[in-house]
Amino acid sequence: MEAGEVLLKKGLLDPNQVEQSRRAQTDGMRLDEAAVRLGFLSEESALRALGEEVGVRFVDLADMEVDLSLLRSFPAKLIHRESIFPIEQKNGSLIVATSDPFNLYALDEISSATGKSVVPVLAAAEEISKLIKKHLGVGSETVEGLLAQTAEEEIELVGDIETDGSELSEMAQEPSVIRLVNEILLEALESRASDVHIESEADGLRIRYRIDGVLHPQPVPPEISRFRAAIISRLKIMARMNIAERRLPQDGRIQLKVMGREVDVRVSVLPMIHGEGIVLRLLDKSSIDFSLAKLGMQPRVYEMYREIIQLPHGIVLSVGPTGSGKTTTLYGSLLEIRSPETKIITTEDPVEYQLQGINQIQVYSKIGLTFAHCLRSILRHDPDVVLVGEIRDLETAENAIQASLTGHMVFSTLHTNDASGAYTRLTDMQVEPFLVASTLEAVMGQRLVRVLCAECREPYKPAPTELPNDFPADRIEDATLYRPRGCRVCRGLGYRGRIGLFELLITTEAIRRLAHDRANTWTIQKQAREQGMQTMREDGWEKVLAGITTIEEIVRVTKENPY
11 MEAGEVLLKK
21 GLLDPNQVEQ
31 SRRAQTDGMR
41 LDEAAVRLGF
51 LSEESALRAL
61 GEEVGVRFVD
71 LADMEVDLSL
81 LRSFPAKLIH
91 RESIFPIEQK
101 NGSLIVATSD
111 PFNLYALDEI
121 SSATGKSVVP
131 VLAAAEEISK
141 LIKKHLGVGS
151 ETVEGLLAQT
161 AEEEIELVGD
171 IETDGSELSE
181 MAQEPSVIRL
191 VNEILLEALE
201 SRASDVHIES
211 EADGLRIRYR
221 IDGVLHPQPV
231 PPEISRFRAA
241 IISRLKIMAR
251 MNIAERRLPQ
261 DGRIQLKVMG
271 REVDVRVSVL
281 PMIHGEGIVL
291 RLLDKSSIDF
301 SLAKLGMQPR
311 VYEMYREIIQ
321 LPHGIVLSVG
331 PTGSGKTTTL
341 YGSLLEIRSP
351 ETKIITTEDP
361 VEYQLQGINQ
371 IQVYSKIGLT
381 FAHCLRSILR
391 HDPDVVLVGE
401 IRDLETAENA
411 IQASLTGHMV
421 FSTLHTNDAS
431 GAYTRLTDMQ
441 VEPFLVASTL
451 EAVMGQRLVR
461 VLCAECREPY
471 KPAPTELPND
481 FPADRIEDAT
491 LYRPRGCRVC
501 RGLGYRGRIG
511 LFELLITTEA
521 IRRLAHDRAN
531 TWTIQKQARE
541 QGMQTMREDG
551 WEKVLAGITT
561 IEEIVRVTKE
571 NPY
């Protein structure tokens, strides 16, 4: 009995769904797989039903202890080719997980290769894939030389690439190397990584993914080190860099289509003592939500900030270290005030995401197109709102101030540790204090913290010694604190996604006087707190008490308030 008949008999599909699933089948795809892809039923339901019919039980690999010692004597090529994984040995038989209840040939081949009787169990294809990647390494099937790929490539390079005909260039174009690089990129995107670090070391190659702001080493097979030069060359070719240049840093860009999604990859290459290191910044255009309301601001802060960004003129700054979400906040601000009656122009380095209805300019310093140069030209283009990617120097700062004085709303970022530091940072750039005081309307300081996985977070009661000195311990009785555990949904990390911590410093008359008088950061912050500003640290404790994140995350990204 074939899969469609089984699922029809068990009432999991109706005749119409079976017919639709048959039409959706591609080469090598089973009907139940097509039905799962169409959303008619879950993979687990399908496999349980088929397993009952053929006498094979279904198991959840996430709950099983896998005997990894079996891998030593198990042919790796069979694992990759047949998508199977040895689980345990019981009563002289080898228990093997598969997601295909009809593939008897593979079981016979395993029995011949190992000399043992084989007992199959059914498991979800994704769970088997996770085991393979976790214990054999990213791209391990390519290292095994399994190049036959009948399925359609999941990663497509946008635009043509050029090669110089050298031996290294030809090696980088080998199908095995192309598939290996694609596997690394695909795994990074599935893991929700923002950056991929490929580092040359004395004993080989190391790959790490930055997921939710934290680096996680990836298991890689030792043999991958033989492909080091080819992997680096392939990425340099994709980014249209000079593959013969290994002594100087290079920057490039790759445009990909991954399963229909547009992905922009920024590539940075640095020469190091053991070879070149590459960092790939992944910008998945389909996964970013620039809605200001969803960034994590407290309702009171959100309402005040919305009022400020709708002012007719002035400067609003978003401050914090690299990777703290400043650009996302500013993009969200622009989309909040965007309308057919408003002309918005941005100048960025680089333009990370293209926004509908907003005019964006890419800075190009090599030809003199700097932030300052762009800003002077933008003001002749009749804008209402201007975004300057970053205030880096006195010239850019003065042009931004000039723009606000001539009736424009200016948004920009600045690298300071907190909101109060923005005033002193601008005066340190030699901007006149009276100009800072009269034009700067508000400063939004921010950080990003990881959000607890909603599927596996567990409640706990911390001991008094585990609480930081400034934690509002008197509120613990009315709240439930959570800690991470790790599950299938969050890939064992305990966290999934990030949220912002914010402090909004509004320039009141008292703050203007302090800025005019060159007051230091601590004096400005003290005044801001007296007038009701909630610091990032205090915002963090609110999110801990709400069960969104953990005490450890707040301690990781913020400092204790000085008073």
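Counting from 11, one number per residue, gives the positions in the sequence shown under the working numbering.
Heads up, the beta-carbon is just placed ideally off N, CA and C, and yes, glycines get one too.
Note that the coordinates shown come from a computational prediction; the quantities given were computed from them, not determined experimentally.
query: Distance check for ALA483 and GLU562, CA to CA, integer angstroms please.; result: 15 Å
query: Go ahead and pull the three-state DSSP assignment for HIS207.; result: strand
query: Starting from ILE516 and walking both ways along the beta strand (DSSP E), at which residues does that stretch end?; result: 505-516
query: Under DSSP, the beta strand (DSSP E) around ILE354 begins and ends at which residues?; result: 354-358
query: Between VAL311 and ILE318, how many whole angstroms is the CB-CB distance? I'm expecting something under 8 Å.; result: Not a contact, Cβ separation roughly 11 Å.
query: Is LEU22 helix, strand or coil by DSSP?; result: coil
query: Do you know offhand how far SER328's Cα is from ARG189's?; result: 41 Å
query: Here's the rule: buried if 16 or more other CB atoms are within 10 angstroms of the residue's CB, otherwise exposed. What is LYS143?; result: buried
query: Identify every run of the alpha helix (DSSP H) within the stretch 297-347, keeping only runs that are complete inside it and at least 4 residues long; order them along the chain.; result: 309-319, 336-347
query: Could you please give me the residues that DSSP links to ILE371 through a beta bridge?; result: THR357
query: Here's the rule I'm using: 16 or more other beta-carbon atoms within 10 Å means buried, otherwise exposed. How should SER122 be labelled?; result: exposed
query: Can you give me the start and stop residues for the beta strand (DSSP E) that PRO130 sits inside?; result: 127-132
query: With a threshold of 6 Å on Cβ separation, who are the neighbours of GLN260 within its own chain once the five nearest residues in sequence on each side are excluded?; result: MET251, VAL279
query: DSSP on ILE419, reduced to helix/strand/coil?; result: Just to set this straight, residue 419 is Met in the shown sequence, not Ile. It is a strand residue.
query: Going by alpha carbons, who is nearest to ILE97 out of LYS19, PHE68, ARG386?; result: PHE68
query: What do you reckon, are the CB atoms on GLU63 and VAL16 nearer than 7 Å?; result: yes
query: Using CA coordinates, which residue listed in PHE512, ILE283, ARG276, GLU166 is at the minimum distance from MET269?; result: GLU166
query: Give the straight-line distance between the Cα atoms of THR332 and THR423, rounded to the nearest whole angstrom.; result: 10 Å
query: Sort LEU321, GLY399, GLU233, THR338 by Cα distance to ILE355 and report the nearest one.; result: GLY399
query: Which partner residues of SER103 appear in the DSSP bridge assignment?; result: LYS100, SER127
query: My output table needs one value for ASN571: the three-state DSSP class, helix, strand or coil.; result: coil
query: Rounded to a whole number of angstroms, what is the C-alpha to C-alpha distance between GLU137 and THR533?; result: 55 Å
query: When the distance is taken between beta carbons, is PHE381 closer than 7 Å to THR406?; result: yes
query: Pick out the complete alpha helix (DSSP H) segments inside the stretch 414-489, 4 residues or longer, and give them in chain order.; result: 431-438, 443-449
query: Can you find the residues in the same chain that come closer than 7 Å, C-beta to C-beta, to THR517, ignoring five residues on each side of it along the sequence?; result: LEU450, GLU451, ALA452
query: Classify LEU156 as helix, strand or coil using the three-state DSSP reduction.; result: Annotation note: pLDDT 37 at LEU156 (below 50); position unreliable, coordinate value reported separately. In the structure shown, LEU156 sits in coil (DSSP, three-state: anything other than H, G, I, E or B).
query: Enumerated in chain order, which unbroken segments of the beta strand (DSSP E) with a length of 3 residues or greater are wholly contained in the stretch 249-294?; result: 260-268, 271-282, 285-294
query: Helix, strand or coil, according to DSSP, for ARG218 in the structure here?; result: strand
query: Roughly how many angstroms separate the alpha carbons of LEU305 and LEU462, rounded to a whole number?; result: 15 Å
query: Which of the three DSSP states, helix, strand or coil, is assigned to GLU400?; result: coil
query: Considering only C-alpha positions, which residue in the set GLU119, GLY61, LEU379 is nearest to ILE89?; result: GLU119
query: By a C-beta neighbour count over all protein chains shown, 10 Å radius and 16 as the cutoff for buried, is ASN479 buried or exposed?; result: exposed
query: Go to GLU166, then tell me how far its beta strand (DSSP E) extends in each direction, as first and last residue.; result: 165-167
query: Which one of THR560, VAL277, ARG539, LEU23 has the shortest CA to CA distance from ASN571?; result: ARG539
query: Per DSSP, what kind of secondary structure is VAL28 in: helix, strand or coil?; result: helix
query: Is it true that the CB of VAL273 sits closer than 7 Å to the CB of LEU290?; result: no
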